[in-house]
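Structure first, commentary second.
Numbering (my numbering), first residue to last: 497 to 675.
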């Protein structure tokens, strides 16, 4: 879900984890005021175009499996293969990203490409994924036929979080490679 309208949020209230500020020595990405709003019924009902999805890790993983299978899920075609290829191809590279402190990252249509600071550099160059709210990351590595989803509820500062997610993704890649 991109947002939870009040009626839906009420139905799933017990299943929606609240985000918290994690312990870190550096300044946090968000303020406690932002976190309080994010966890509120009003905050859950807002749509954040650049992020803010809420839902189970399993479902996000299935979405990446759909993309990895070029638009099919459980043998059923849901997207045209060409649509998936267009969305996961690299469309922008070597341009400063003003939303990410000027980092020069490659992007597809909504997906970060190889070089994402939150994903270990051992991924293949065909990798696509997205990190979010300084607390999570999901990606697919077509060369390994691998999908990885890491969701946390603890927000850290950007540098500590990037290190945390790189370490987790490195462990996942090592396990996938049999290392």
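Note that beta-carbon positions come from the ideal geometry of N, C-alpha and C, so glycine has one too.
- Under the DSSP assignment, residue 560 falls in the alpha helix (DSSP H) whose first and last residues are 553-564.
- Under DSSP, residue 624 forms a beta bridge with 609 and 636.
- Residue 652 and residue 520 have their C-alpha atoms spaced approximately 6 Å apart.
- DSSP, reduced to helix, strand and coil, places residue 601 within a strand of the structure shown.
- Membership of residue 660 in the alpha helix (DSSP H) is indicated by the continuous run 654-673.
- Rounded to whole angstroms, the Cβ separation of residue 541 and residue 592 is 33 Å, and the two are not in contact under 8 Å.
- Taking a C-beta distance under 8 Å as the contact criterion, residue 561 and residue 569 qualify as a contact pair.
- Cβ atoms of residue 625 and residue 617 stay farther apart than 8 Å, at about 13 Å.
- For the 8 Å CB-CB criterion, residue 599 and residue 585 do not form a contact.
- Nearest to residue 582 by alpha-carbon distance, out of 505, 604 and 529, is 604.
- If you look at residue 590, you'll find it in the beta strand (DSSP E) that goes 588-593.
- Out of 672, 529 and 539, the CA that lies nearest to the CA of residue 639 is found in 672.
- In this chain, residue 645 is not harboured by any alpha helix (DSSP H); it is covered by the beta strand (DSSP E) spanning 642-647.
- With respect to residue 564, residue 643 sits close: the two C-beta atoms are nearer than 8 Å.
- Residue 649 places its beta carbon less than 8 Å from that of residue 514.
- Take the alpha-carbon of residue 504 and the one of residue 532: they are about 19 Å apart.
- In this structure, the alpha-carbon of residue 558 lies about 14 Å from that of residue 580.
- Judged by DSSP in its simplified three-state form, residue 504 adopts helix.
- CA-to-CA, the gap between residue 529 and residue 629 works out to about 15 Å.
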